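In the order they appear, the protein sequences are chains F and U.
Counting from 1, one number per residue, gives the positions in the first sequence under my numbering.
Counting from 303, one number per residue, gives the positions in the second sequence under my numbering.
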Amino acid sequence: MSRAVFFISEAFRALRRSAAPSIAAIVTIVVTTLLLGVLVPVLKASEDKAQDVRDQIGLNVFLYNEAARAEIDQLGSELATIPHVENVDFVSRKEAVEILSGRVEGELSESLNELNSNPLPPSFALDIDDPANLAAVTAAITKTGPAGDRQPISPIVDEVRDARQDASKITRVTGAVKLILIVLAILLLLASLMLVGNTIRLSIYARRREVEVMRLVGATNWFIRWPFIIEGVIVGLTGAAVAVGILWLGKVTVVDPLSDNLNLVDSLSTMGFLPLVIILVSSAMIVSALGSGITLRRFLKV
Amino acid sequence: MALTRSRSNRGRARGHSDAPSRYEKRTGAPAPKPPIVALKDATVVYPGGHVALERVTLEVTRGEFAFVVGPTGCGKSTLIKLLIREIEPASGEVEIAGHDINEMPHSRVPKLRRRVGTVFQDFKLLPNRTVYDNVAYALQVIGESRSEIRRKTPEIIRLVGLQSKIHSYPDQLSGGEQQRVSIARAFVNHPPLLLADEPTGNLDPETSIGIMQLLYRINRTGTTVLVVTHDREMVDKMRRRVIALEDGRLVRDEVSGGYHDESTREFAARLHREMEIEPGSSDVNDILDW
């Protein structure tokens, strides 16, 4: 107990004495944590968005206008039995117009009303469990005939269309964004690790004689190491706390007001602020504590 | 018989290694304690090929006060480094209290160093700590309780005569004062063995006598003291065992004079007389009054 008190007071003594390197280390941690604190939610948001898009990918089976009710019902139940199909929704011609007019606004909506007849065919909207199974489901609906031509399972099927092309485009874009962000994050992490390590190394190097003397008067490695590690934890904690404070300020003043209007920003809040804080603070602490612990090894060989 | 011999020959217990078994056989009594320091054919080679010590064999018995002398570069400081395992021998053995210190695992080295107080030539004080904190560090290292530290630290600082400088930093002290802080730190947890590397180097004769007096007093509490020095005059006056090194080889090992039982005061008076210095100007004199 008294030993813990001694180690902590030693750590604070060291921090007080080497104020400049300590502040440098703290600032480094602040900057890194800040950048990570922005990058991580953005990464998470883009991942969520991509997932969102993938979830929306379904299959539309368009029917001929002349399809009879009985035929439609029969096809509906047949479609539901196809593997990977999670849900089958019939969209009548009238519903199709409603959906469309709900999606488009202004002039386009008016011009839709000006049409005398409904140009939209009835359709089935299928939900697929995974976008990877789109092709299999499509194949199940339009079977390949003996002559090699594609034959729908029912004569009332006009066309099977999926949003695969759109989806793959979106996946590609979000994938690229994600890759760039991850590479950036890794580079940043590496740079800050080296920076923090270097800062700590400098402050320990300045005290290497002291460490040597401690060894020579019979201090064990851990006796010497603990104050340094506690020092690292204090530096990490302070840096992370400052960064979290800035992040919180940014969240309250910039992100929160925007999230009412913007869809993308809204998904930022999918990353809870508390877990983010916990991750940032603990990683900052671990990095700096490990940094001092490892750097010290070199000087403990006496 | 064997007992008498060993008593009368304190400090020259040669051929000790095979003695205990014969001793035990003859007397049936437990073997005497092994010498506190024993070097057997110890050779030290520094990186670059310089041979600092060459096949040095010597023993120091418990309670002895011995000098290691020789010109600069003869291997005196190397000997000290060897005894606290700051360096390891290329060959041969180094034993402290019967344990080969180069056999012990690295993790045991701190324990060894706590049992061997060392006064370094360059003092090796922690620059950012006060006199008090420097001395207290040696106690903190061994896990002494805070109340004990608060009791022992001022006591030993008073013993070395630095009570007025207790809150000074090393760079505010003179060489002699730093030397005394170093001695205080080395001795604060009463190690059985005290090594002093040039404790009077660069000090004026009066302060040197003060330091010697201090070491003598420490020796009289039962601590074995091994002093490395090139101060021949001081050594001659002290009339203690002298181990002389030259070019890394042991060239002389003898006990001169027989002043083993004089008090610290008599000791100081004799030193003053023989070195022709007027006593009284040393502040150490007042503290060591017993």
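Cβ coordinates follow ideal geometry from the N, Cα and C atoms, glycine included.
Small disclaimer: the values here were computed from a predicted structure and weren't measured.
(Q) Going by C-alpha to C-alpha distance, which of V173/F, L190/F and P275/F sits closest to Q51/F? (A) Among V173/F, L190/F and P275/F, the Cα nearest to that of Q51/F belongs to V173/F.
Q. If we count Cβ pairs, one from each stretch, closer than 8 Å, do we get three or more for the segment 405 to 423 of chain U versus the segment 484 to 496 of chain U?
A. These segments touch.
Q) With 7 Å set as the bound, which would you pick, yes or no: does the beta-carbon of A20/F sit closer than that to a beta-carbon of chain U? A) No, its Cβ sits nowhere closer than 7 Å to a Cβ of chain U.
Q) Which value, in whole angstroms, describes the spacing of the CA atoms of R3/F and E564/U? A) R3/F and E564/U have their C-alpha atoms roughly 43 Å apart.
(Q) On the criterion of 16 or more Cβ atoms from any shown chain inside 10 Å, does V5/F qualify as buried, or is it exposed? (A) So V5/F counts as exposed.
Q. Quick one: what does DSSP say E98/F is sitting in, helix, strand or coil?
A. In this structure, E98/F counts as helix in the three-state DSSP scheme.
**Q.** Euclidean distance between Cα positions of G37/F and I229/F
**A.** Looking at the two C-alpha atoms, the distance is approximately 24 Å.
Q | 7 Å Cβ cut-off: residues of chain U touching A219/F | A | In chain order: P412 and V443.
(Q) The beta strand (DSSP E) that contains S393/U, what's its start and end? (A) From DSSP, the beta strand (DSSP E) with S393/U extends over S393 to I398.
Q) Taking Cβ to Cβ, would you say M214/F is nearer than 7 Å to I224/F? A) Contact flag set, yes.
Q. Which of the three DSSP states, helix, strand or coil, is assigned to K467/U?
A. In the three-state reduction of the DSSP assignment, K467/U falls in the helix class.
Q) What did DSSP end up calling A368/U once you bin it into helix, strand or coil? A) Here DSSP, grouped into helix, strand and coil, assigns A368/U to strand.
Q: Indicate the three-state DSSP secondary structure (helix, strand or coil) for H492/U in the structure shown.
A: Three-state result, H492/U: coil.
**Q.** Distance between beta carbons of L280/F and V255/F, contact taken as under 8 Å
**A.** The Cβ separation is near 16 Å, so there is no contact.
Q.
Based on DSSP bridge pairs, tell me the residues matched to P152/F.
A. Note: P152/F sits in a beta bridge opposite T142/F.
Q. So which residues of chain U does R3/F contact, with C-beta pairs closer than 9 Å?
A. Within 9 Å Cβ-Cβ: Q442 and G445.
Q) Looking at C-alpha atoms only, which residue of F12/F, R17/F, E10/F and F7/F is the closest neighbour of A206/F? A) Among F12/F, R17/F, E10/F and F7/F, the Cα nearest to that of A206/F is on R17/F.
Q. Looking at the C-beta of H574/U, does it have a partner C-beta in chain F at a distance below 7 Å?
A. Answer no: the Cβ-Cβ gap between H574/U and chain F never drops below 7 Å.
Q: With DSSP collapsed to three states, give me the class of R297/F.
A: In this structure, R297/F counts as helix in the three-state DSSP scheme.
Q) Beta-carbon separation of F90/F and G76/F under 7 Å? A) Yes.
Q.
Does the structure place the segment 377 to 397 of chain U close enough to the segment 495 to 508 of chain U that three or more beta carbon pairs sit under 8 Å?
A. With the rule of 3 Cβ pairs closer than 8 Å, the segment 495 to 508 of chain U counts as touching the segment 377 to 397 of chain U.
**Q.** Identity of the residue in T359/U, P493/U and V553/U nearest T345/U by Cα
**A.** A check of alpha carbon separations from T345/U across T359/U, P493/U and V553/U identifies T359/U as the nearest.
Q. Would the beta-carbon of V339/U fall within 7 Å of that of I545/U?
A. It is not a contact, given that the beta carbons lie outside the stated cut-off.
(Q) Give me the subset of the segment 378 to 404 of chain U whose CB atoms are less than 9 Å from a CB atom of chain F, sorted by chain position. (A) Within the segment 378 to 404 of chain U, the qualifying residues are I386 and E388.
Q: Less than 8 Å between the CB atoms is what I'm expecting for T566/U and R519/U, so what's the real figure, rounded?
A: With a Cβ gap of about 5 Å, T566/U and R519/U count as contacting.
Q | Within chain U, the residues that R297/F reaches when beta carbons sit closer than 9 Å | A | Proximity of chain U to R297/F at the Cβ level (cut-off 9 Å) is not reached, the minimal Cβ distance being about 12 Å.
(Q) If distances are taken between C-alpha atoms only, which option among G350/U, R572/U, L496/U and L547/U comes closest to G365/U? (A) Comparing Cα-Cα distances from G365/U to each of G350/U, R572/U, L496/U and L547/U, the minimum goes to L496/U.
Q: Identify every residue that forms a DSSP beta bridge with G245/F.
A: BP columns for G245/F are empty, so no partner.
Q: Take the Cβ of V443/U as the centre, count every other Cβ of all protein chains shown within 10 Å, and call the residue buried at 16 or more, exposed below.
A: Counting the other Cβ atoms within 10 Å of the Cβ of V443/U gives 16 or more, which makes it buried.
Q. Within the chosen definition, does the segment 462 to 474 of chain U reach the segment 389 to 399 of chain U through at least 3 CB pairs nearer than 8 Å?
A. No: fewer than three Cβ pairs fall under 8 Å.
Q. Leaving out five residues before and five after G58/F in sequence, what residues of the same chain have Cβ atoms less than 8 Å from its Cβ?
A. Cβ contact annotation for G58/F (same chain, cutoff 8 Å, sequence separation greater than five): A125, L126, D127, I128, D162 and A163, in chain order.
Q | Residues within the segment 426 to 442 of chain U neighbouring chain F, beta-carbon criterion of under 8 Å | A | So the list reads K426, L427, L428, P429, N430, Y439, A440 and Q442, given in the order they occur along the chain.
Q) Which same chain residues, not among the five before or five after V411/U, have their C-beta less than 7 Å away from its C-beta? A) Within the same chain, V411/U has close Cβ partners R387.
**Q.** Cut-off 6 Å between Cβ atoms - residues of its own chain near T270/F, not counting five sequence neighbours on either side
**A.** Note on T270/F: pLDDT 46, under 50, position unreliable in the model; the coordinate value appears next. In the same chain as T270/F, and ignoring 5 residues on each side of it, the C-beta atoms closer than 6 Å to its own belong to D48, in chain order.
Q.
Helix, strand or coil for F425/U? Go by DSSP, reduced to three states.
A. In the structure shown, F425/U adopts coil according to DSSP, grouped into three states.
Q | Listed by chain order, chain F residues near T420/U by CB distance under 8 Å | A | By Cβ distance, chain F contributes L216 and V217.
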